[in-house]
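In the working numbering, the protein residues as written are 9 to 77.
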């Protein structure tokens with residue numbers, strides 16, 4: 009099998025894939041702030057959600073006629 013046969017049966021020709029490091033360099037330093045913002049927002053939403061559940065637990069227990077103690 010010759011080199012041309014390998015090239016013809018190999019992967020489709022096209023632009024080479026960029027490495028992850030190169031794509032991060034193209035984004036610049038702002039991707040770190042985006043990641044930090046997403047993480048912070050996720051933690052805020054999780055905290056608010058747990059607070060809502062803790063505040064609502066007494067009413068939930070009354071609604072299903074369960075004594076938590």
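By construction, the Cβ of each residue, glycine as well, lies at the ideal position given by its N, Cα and C atoms.
CA-CA distance, residue 64 to residue 56, rounds to 12 angstroms. In the three-state DSSP reduction, residue 68 falls in the helix class (H, G or I). Shown here, residue 36 sits in coil according to DSSP, grouped into three states, outside any helix or strand.
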